[in-house]
């Protein structure tokens with residue numbers, strides 16, 4: 023459903039009122055005048071290379087221009103308003119993006135849908151590469167989130183924080199976790215020496231967190247070596263880093279035939295290796311790494327010029343807030359990041375599965391007129407699934 | 075424990091600031107180089123340069139520490155006087171290899187002291203059955219990303235609270251690259267005085283002993299429309315620096331894919347320090363599908379290049395491409411598409 027003028031105007035007005043009432047809550051990011059800002063208007067025109075000197079200036083901009091989305095750079099520049107080549111890169115926050123879309127979960131079969139643009143064939147779950155009916159690869163996705171997949175995503179963020187604290191030694195105060203307002207979490211490290219890391223170094227950081235390229239040799243396993251030699255170089259559970267993580271995993275592993283007679287974890291690892299052989303063991307380690315690693319978007323972390331949604335601003339596709347999680351364990355995005363009111367709105371919904379916001383269930387809907395609270399109306403309109411009918 | 079470098083140490087590592095201070099204290103002037111007293115130092119400087127440029131190495135023998143220390147800044151001056159960047163790179167590399175050989179046999183406290191003195195990096199000595207030091211992770215990453223073997227990858231290291239465990243010989247390898255840079259930068263920033271006749275003669279002699287500078291093919295084949303990853307490899311070749319294996323694979327497969335001939339591609343390589351025409355031809359023909367499995371290799375994709383640390387993405391020109399071969403294709407159309415895409419989705 024293409025968005026009509028009336029719906030666009032309604033969304034814009036809703037956002038404007040929100041920014042007007044809440045302008046005091048919009049805070050400047052640290053070192054604001056060294057950052058590039060960007061915004062996208064409701065008619066999807068992207069403007070970049072903006073800069074703000076004061077918090078007030080930023081607040082006025084949001085009320086006056088009322089963009090669909092507002093972004094700020096992770097990078098610090100000498101001249102943020104010039105072109106990319108001329109800006110002069112000083113450094114950048116280290117930012118990780120964890121997105122529910124990237125993590126396979128069973129609930130996606132329930133709430134995600136796709137439709138072939140060529141033959142209108144539809145299906146549930148993750149989109150196929152090609153349409154099974156007409157083989158076209160022009161497929162539209164309609165992805166949703168629920169408590170279940172957002173929880174899985176949150177667990178990844180919690181795993182990531184452990185890496186940042188334990189492996190990288192980053193102090194707790196420098197790590198900020200935000201719900202993105204959409205489908206995932208942004209984890210930001212500000213004001214640390216990691217700021218000066220270039221793209222290559224960030225690639226190493228993201229490979230580390232995602233366990234990419236971890237070799238058996240680094241665990242002390244090598245094809246030609248004797249068992250005695252290998253035993254000496256295998257990891258112990260109290261070791262730091264990946265070696266320790268993997269050894270720790272083995273302490274909890276139940277492996278058929280192993281009697282736990284030895285307290286030394288290296289004996290167990292060697293036993294499993296002996297039973298499996300090199301090739302299978304390699305696959306087994308891959309599985310373990312897959313479990314222990316964090317499903318971050320590697321392209322985001324390595325991009326030292328990227329712009330991110332500004333905290334405490336609305337996500338144009340959902341009407342939810344990019345919100346800092348003070349306590350990630352208890353944070354519930356479908357409650358805590360829902361900030362628009364419950365004022366009733368009449369709208370026509372093209373189609374939507376069942377979804378939950380602020381503890382209320384809505385839908386499913388199929389080509390029908392309904393009256394919904396503002397928060398749910400904007401959620402559907404932002405996704406392009408509903409039109410406003412009448413609103414004073 | 076506070077350590078001071080002895081004269082022997084400075085002779086081994088003349089690029090250290092302390093060695094520079096030692097020479098400064100002699101308060102030599104360029105005119106002094108006419109005197110007989112300094113002829114042995116000039117001779118050693120000339121030998122350093124010739125050996126470095128011809129054989130890519132410099133002897134580690136130290137007969138007379140004073141002579142060794144003094145000959146280093148003189149050698150820098152001689153190379154600078156030749157006036158060809160290529161030889162400045164070659165010389166810096168040779169000096170760094172010399173230092174590496176000496177450092178391999180060096181004591182732990184001296185290594186740690188050199189790291190602090192030359193690069194302002196604190197190393198923490200540790201008792202471990204495999205590793206000797208731990209090093210700040212940021213300092214490690216800034217250096218280790220230039221190496222491409224899997225053991226240098228952060229994921230294959232022990233990382234604890236922001237520190238990376240390293241062995242002595244690994245530190246030495248990390249330092250070699252730094253030393254090369256230090257030597258090169260020193261040379262680059264040197265301003266040449268008016269040379270006395272006897273020094274001019276030495277420079278002439280060195281000039282006669284220089285190997286020919288390799289062909290200009292490289293510049294001709296570089297019209298500036300290549301993607302940043304390919305440009306990076308070309309740049310390394312141009313500077314006479316070592317190119318990792320995967321970088322060569324990228325360059326070769328890329329150039330063949332855009333229609334360069336096998337001979338064109340081979341002609342690009344003579345500037346590499348370890349060039350062998352026979353081997354290069356074999357490798358290029360292999361990638362072109364003329365040998366071995368008869369399969370023509372396509373240029374590696376962007377994701378693979380990122381993993382190998384060879385991606386130097388251009389924000390705009392590289393947007394939405396997945397393979398360097400797509401670089402530069404209808405950039406305007408790509409830009410338009412980029413503006414239209416739902417950026418909101420991408421940024422969460």
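Chains as they are written, first to last, in this note's numbering: chain P, 23 to 414; chain L, 75 to 422.
Yeah, the Cβ is synthetic: ideal placement off N, Cα and C, and Gly gets one too.
Given the structure is predicted, the values throughout are model-derived calculations rather than measurements.
Is DSSP giving residue i helix, strand or coil here?
i, result
"residue 373 of chain P", "strand"
"residue 236 of chain P", "coil"
"residue 247 of chain P", "coil"
"residue 346 of chain P", "strand"
"residue 138 of chain P", "strand"
"residue 97 of chain P", "strand"
"residue 93 of chain L", "helix"
"residue 61 of chain P", "strand"
"residue 339 of chain P", "coil"
"residue 354 of chain L", "helix"
"residue 316 of chain P", "coil"
"residue 26 of chain P", "coil"
"residue 378 of chain P", "strand"
"residue 92 of chain P", "strand"
"residue 167 of chain P", "coil"
Can you tell me where the beta strand (DSSP E) with residue i in it begins and where it stops?
i, result
"residue 389 of chain P", "387-395"
"residue 103 of chain L", "Run containing residue 103 of chain L: none; DSSP gives neither H nor E here."
"residue 241 of chain L", "Where residue 241 of chain L is concerned, there is no enclosing beta strand (DSSP E), given that its DSSP letter is neither H nor E."
"residue 200 of chain P", "197-201"
"residue 146 of chain P", "144-146"
"residue 207 of chain P", "206-211"
"residue 71 of chain P", "68-72"
"residue 162 of chain P", "161-164"
"residue 151 of chain L", "Counting along the chain, residue 151 of chain L falls outside any beta strand (DSSP E), though it belongs to the alpha helix (DSSP H) covering 139-156."
Any beta carbon from chain L within less than 8 Å of residue i's own beta carbon?
i, result
"residue 264 of chain P", "yes"
"residue 188 of chain P", "yes"
"residue 312 of chain P", "no"
"residue 225 of chain P", "yes"
"residue 131 of chain P", "no"
"residue 230 of chain P", "yes"
"residue 84 of chain P", "no"
"residue 234 of chain P", "yes"
"residue 19 of chain P", "Any answer about residue 19 of chain P is impossible in this case: the structure gives chain P only from 23 up to 414."
"residue 101 of chain P", "no"
In whole angstroms, give me the CA-to-CA distance for residue i and residue j.
i, j, result
"residue 140 of chain L", "residue 116 of chain L", "12 Å"
"residue 41 of chain P", "residue 345 of chain P", "15 Å"
"residue 273 of chain P", "residue 333 of chain P", "41 Å"
"residue 72 of chain P", "residue 117 of chain P", "20 Å"
"residue 8 of chain P", "residue 122 of chain P", "What is shown of chain P runs 23 to 414, which leaves residue 8 of chain P out entirely."
"residue 402 of chain P", "residue 374 of chain P", "8 Å"
"residue 283 of chain P", "residue 290 of chain P", "9 Å"
"residue 430 of chain L", "residue 174 of chain P", "The structure shown does not extend to residue 430 of chain L, since chain L is modelled only from 75 through 422, so no value can be given for it."
"residue 164 of chain P", "residue 326 of chain P", "30 Å"
"residue 248 of chain P", "residue 255 of chain L", "41 Å"
"residue 173 of chain L", "residue 334 of chain L", "40 Å"
"residue 250 of chain L", "residue 378 of chain P", "59 Å"
"residue 102 of chain L", "residue 323 of chain P", "52 Å"
"residue 306 of chain L", "residue 386 of chain L", "8 Å"
"residue 162 of chain L", "residue 89 of chain L", "15 Å"
"residue 211 of chain P", "residue 142 of chain P", "44 Å"
"residue 135 of chain P", "residue 172 of chain P", "17 Å"
Examine chain P for any beta-carbon lying closer than 8 Å to the beta-carbon of residue i, and answer yes or no.
i, result
"residue 399 of chain L", "no"
"residue 307 of chain L", "no"
"residue 212 of chain L", "yes"
Would you say residue i reaches chain C, if we count a Cβ-Cβ gap shorter than 8 Å as a contact?
i, result
"residue 298 of chain P", "This model lacks chain C altogether, as its protein chains are P and L."
What are the boundary residues of the alpha helix (DSSP H) that residue i is part of?
i, result
"residue 271 of chain L", "271-283"
"residue 223 of chain P", "221-231"
"residue 111 of chain P", "Counting along the chain, residue 111 of chain P falls outside any alpha helix (DSSP H), though it belongs to the beta strand (DSSP E) covering 111-114."
"residue 197 of chain L", "Careful: residue 197 of chain L lies outside any alpha helix (DSSP H), inside the beta strand (DSSP E) at 197-199."
"residue 305 of chain L", "302-312"
Notebook entry, point to check: Listed in chain order, which residues of the region 341-372 of chain P have Cβ atoms closer than 7 Å to some Cβ of chain L?
Noted result: Hits within the stretch: zero.
Margin query: Please identify, using Cβ separations under 8 Å, the residues of the region 359-385 of chain L that lie next to chain P, in order along the chain.
Written below: For the region 359-385 of chain L, which is checked against every Cβ of chain P, the residues closer than 8 Å are 380, 381, 383, 385.
Note to self: Residues of the region 222-253 of chain L in Cβ contact with chain P at a cutoff of 8 Å, in chain order, please.
What the structure shows: Answer set for the region 222-253 of chain L: 224, 225, 227, 228, 229, 230, 231, 232, 233, 234, 235, 236, 237.
Margin query: Please list, in chain order, the residues of the region 118-141 of chain L that have any C-beta partner in chain P closer than 9 Å.
Written below: Those residues of the region 118-141 of chain L that come within reach of chain P (Cβ to Cβ, closer than 9 Å) do not exist; the list is empty.
Next item on the list: Mind checking the region 172-206 of chain P against chain L and listing, in chain order, the residues whose C-beta falls within less than 8 Å of any C-beta there?
Entry: Hits within the stretch, in order: 188, 189, 190, 191, 192, 202, 203, 204, 205, 206.
Check: Taking a cut of 7 Å between CB atoms, which residues from the region 313-324 of chain L lie near chain P?
Finding: Here the close residues number zero.
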